[in-house]
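Novice:
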Amino acid sequence: MKHVRMPVPGVSLGCDYNPEQWSPDVWREDVALMRQAGVDLVAVNIFGWSNLEPSPGEYRFDDLDEVVELLHAGGIKLNLGTGTSSPPPWLTTLHPEVLPVAADGTTRFPGGRQAWCPSSPVFRERALDLVGRVARRYGDHPALALWHVSNELGCHNALCYCETSAEAFRNWLRGRYRKIETLNAAWGTSFWSQRYGDWSEIQPPRLALSLRNPAQIVDFHRFSSDELLGHYRAEAAVLREHSEAPVTTNFMVTAHIRNLDYWSWAPEMDVIANDHYLDHRLGDPVAELSFAADLTRGLAGGRPWMLMEQAAGAVNWQPHNLTKAPGEMIRNSLTHVARGADSVCFFQWRASAQGAEKFHSALLPHAGTDTLAWREVLRLSGILDRIGEVAGTEVEADTALLFSWDSWWSAEGEARPSQAVTYLDQVHAAHRALRELGATTDVIAPGADLSRYRLVVVPCLYMVSDTDAQAIADYVAGGGRVVVTFFSGIVDERDRIRLGGYPGAFRDLLGVVAEEFAPLLPGMSVSLSNGGTGTLWTERLRVTTATVEAEYLDGPMPGIPAITRNQYGDGLAWYVATKTDLSDLLRTITGARQTGQAEIVRRTGDGRGYLFVINHGTDPVECPATGHDLITGQAVDGLLRVEGGGVAVVREEAP
Ligand code: GAL
Ligand code: ZN
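Heads up, the sequence shown is in our numbering, so the first residue is 975 and it goes up one at a time.
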């Protein structure tokens, strides 16, 4: 990635601000309180359209002008939305064809947000018209620090099955396959009488009576991601005509969103920005936070990035919306910074009194400033000021984990060996095991340069191209170490099985071949000869050149290898054919020690080094360090002790 264009120096504090909800006297109070809280960067006009253009072609910028000037006078920088995230009601009334259509052919109506079809030419034209006006009006405003295109593109409307989208899909397929026969071959349409004679016969994978064509579904995901990226590009191009400010949009690298292939989006951003919300439906939400931060850094090519949104306390869209304990918001914010964020922003500034998100937390809660939440904001702000010199440094990682949206989409096809095997669970489990050992992991794309890593973990990489599989094999041949987990290397980019035994693409590298899968029923487990247990999955595996590290003692595959190790060139390749705790294996490989609940991460650059210790647990942790804790200002002389729940950022000096 090209050099990063951070909107504000230091480690900044920011938030979304929706002043449309409040009267002008509240705006003044808001800016005064933002100054008190040390807010550096404010996102406005994210959902501005219906206020800016109350009826077709009628524009009203007075309110936004006033808010912009108030923020500017307060020394606060603008993260300016293009305002196109949700169409105003007049647009969907005038042009109902803009509305998205679900896989069952039913329309999704306005009344929520983002009710637009990504392929709609009418929406595109109207949106770009608005973007042009906003860009001309504010494009060289001295407070403008960043353009914020739309909002969370594809959060709700990523997959549209309307006729306009169908036609756009056909065009996309023509570009990809050129000849209809090539498409037929790629999709395996000879099966179930699906052969196409003409492009016009092709539809998006609308709801059908039976299982749908899996290759068609994967291509529809690719198309849909490209289509929204096309929208981003179109808005960004208009902005760049009128403004020099950096341009981005907020990604959703967070557990429940999977429709955008951000590896293809990332190179188009001037700075990578992510929205992250803790998901309490997961077993270990903070481990997922660390994973998301590592993946966001991967998208940023290792350079600093922005946390564009998080919640100060509870969200309001989960079944049970847990608040944050004292200190938790600060620990989580610093976890993002430790893993490469140079900006910590929140949704939203002031908690709404009305509307769909009135129970969502904010920096300024309903109860006002005499609150724990507000005091925590002030505390965070002080900490971010004190650690500002960290900005621009990069995270040190010697382990990598390969992540692929293609695999996510395809491994979770409608018909697969086990519905209980889900891609993200396998990825999270591998990342969590590394994190608990204290390894800092870069989450990167298959095909990325692996040469600098001591260990590469490849969880559930179901779909892999020849080139990417070769890159992994070359890395190992050159002395690298890789751990591959089950349901990897199974298909090529067309979702076509790699014949000759599983795990097709990695058979030679791993020195094994599997004849058949034997998934386990939920709740069932098998014993392994190394003392561990396996769940979810086994397979009828035999070694060709590998040695057996553990075998099944019971279950459907007694005596069959479960974990193997293969010498390949100058390196080593392990295969783990069941779902098992990876900690023991990874500990042996990395020689790492357990750090449990604390994250210990180092950022370095320009000859400086910063050690982040974030103790999510209740017991104190100790680790060797020499230097100064930037948060307390105290000297650290050889050994750093961080109390349960505590945080430290040590500027390291040679002991
Ligand atoms: C994000 C969105 C914000 C707000 C927030 C609530 O998805 O960008 O506008 O809705 O979630 O958690
Ligand atoms: Zn559509």
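Note that beta-carbon positions come from the ideal geometry of N, C-alpha and C, so glycine has one too.
What do you reckon, is the C-beta of residue 1530 under 8 Å from a heavy atom of the ligand ZN?
Specialist: no
Novice: If you scan the segment 1181-1249 from start to end, which runs of the alpha helix (DSSP H) of 4 or more residues do you find wholly inside it?
Specialist: 1188-1216 and 1236-1239
Novice: Give the DSSP-derived three-state secondary structure of residue 1625 in the structure shown.
Specialist: Correct three-state label for residue 1625: strand.
Novice: Residue 1462 and residue 1430 - do their beta-carbons sit closer together than 9 Å?
Specialist: no
Novice: What did DSSP end up calling residue 1472 once you bin it into helix, strand or coil?
Specialist: coil
Novice: Where does residue 1366 fall in DSSP's three states?
Specialist: coil
Novice: For residue 1229, I'd like the list of residues in its chain whose CB is within less than 7 Å of its CB, leaving aside the five on either flank, ordered along the chain.
Specialist: 1253, 1256, 1262 and 1398
Novice: Based on DSSP bridge pairs, tell me the residues matched to residue 1675.
Specialist: The displayed coordinates of the chain run from 975 to 1629. Any statement about residue 1675 would go beyond what the structure contains.
Novice: How many whole angstroms separate the CB atoms of residue 1585 and residue 1626, which I take to be in contact at a CB cut-off of 8 Å?
Specialist: 6 Å
Novice: Find the nearest neighbour of residue 1308 within the set 1517, 1359 and 1566, judged by alpha-carbon distance.
Specialist: 1359
Novice: Between the beta-carbon of residue 1329 and the beta-carbon of residue 1453, is there less than 9 Å?
Specialist: no
Novice: In the DSSP output, what is residue 1283 paired with across the bridge?
Specialist: 1249
Novice: Could you check if residue 1124 is buried or exposed, using at least 16 other CB atoms within 10 Å of its CB as the buried criterion?
Specialist: buried
Novice: By Cβ distance below 8 Å, which residues in the same chain neighbour residue 1478 in space, the five residues on each side in sequence not counted?
Specialist: 1463, 1464, 1465, 1471 and 1472
Novice: Short of 7 Å in beta carbon distance, which residues of its chain neighbour residue 1475, apart from the five on each side in sequence? Order them along the chain.
Specialist: 1481, 1487, 1488 and 1489
Novice: How many Å lie between residue 982 and residue 1132 at the Cα?
Specialist: 31 Å
Novice: Measuring straight from C-alpha to C-alpha, what distance separates residue 1407 and residue 1508?
Specialist: 15 Å
Novice: At which residue ranges does the segment 1306-1331 contain complete beta strand (DSSP E) runs of 3 or more residues, listed in the order of the chain?
Specialist: 1315-1320
Novice: With a threshold of 8 Å, establish whether the CB of residue 1491 neighbours any heavy atom of the ligand GAL.
Specialist: No, the ligand GAL has no heavy atom inside 8 Å of this Cβ.
Novice: Which residues does DSSP pair with residue 1110 in a beta bridge?
Specialist: DSSP output for residue 1110 lists no bridge partner at all.
Novice: Please name the residue in 978, 1593 and 1602 whose C-alpha comes closest to that of residue 1276.
Specialist: 978
Novice: Going by DSSP, name the residue or residues bridged to residue 1541.
Specialist: According to DSSP, residue 1541 bridges with 1546.
Novice: Nearest by alpha-carbon distance to residue 1210: which of 1192, 1239 and 1198 is it?
Specialist: 1239
Novice: Could you tell me the distance, in whole angstroms, from the CA atom of residue 1250 to the CA atom of residue 1289?
Specialist: Straight-line measurement puts the Cα of residue 1289 at about 11 Å from the Cα of residue 1250.
Novice: Residue 1168 to residue 1232, Cα distance in whole Å?
Specialist: 28 Å
Novice: Using the Cα positions of residue 1541 and residue 1449, report the straight-line distance between them to the nearest angstrom.
Specialist: Roughly 13 Å separates the two Cα atoms.
Novice: Can you list, in chain order, the residues of its chain whose CB lies under 7 Å from that of residue 1208, leaving out five sequence neighbours each side?
Specialist: 1098 and 1102
Novice: Quick check: is any heavy atom of the ligand ZN less than 8 Å from the C-beta of residue 922?
Specialist: What the structure shows of the chain is the stretch from 975 to 1629, and residue 922 is not part of that stretch, so it cannot be assessed.
Novice: Within 10 angstroms of its Cβ, does residue 1185 collect 16 or more other Cβ (buried), or is it exposed?
Specialist: Result: exposed.
Novice: For residue 1597, which residues in the same chain have their Cβ closer than 7 Å to its Cβ, ignoring the five residues on either side in sequence?
Specialist: 1574, 1587 and 1614
Novice: What are the start and end residues of the alpha helix (DSSP H) that includes residue 1265?
Specialist: 1259-1273
Novice: Assuming residue 1247 contacts residue 1225 (C-beta within less than 8 Å), just tell me the rounded distance between them.
Specialist: 6 Å
Novice: Can you give, in chain order, each stretch of the alpha helix (DSSP H) that sits fully within the segment 1465-1541 and has at least 4 residues?
Specialist: 1481-1484
Novice: Where does residue 980 sit, in a helix, a strand or coil, going by DSSP?
Specialist: Under the three-state reduction of DSSP output, residue 980 falls in the coil class, being neither helix nor strand.
Novice: Can you tell me which of the three DSSP states residue 1302 falls into?
Specialist: helix
Novice: When the distance is taken between beta carbons, is residue 1237 closer than 9 Å to residue 1392?
Specialist: no
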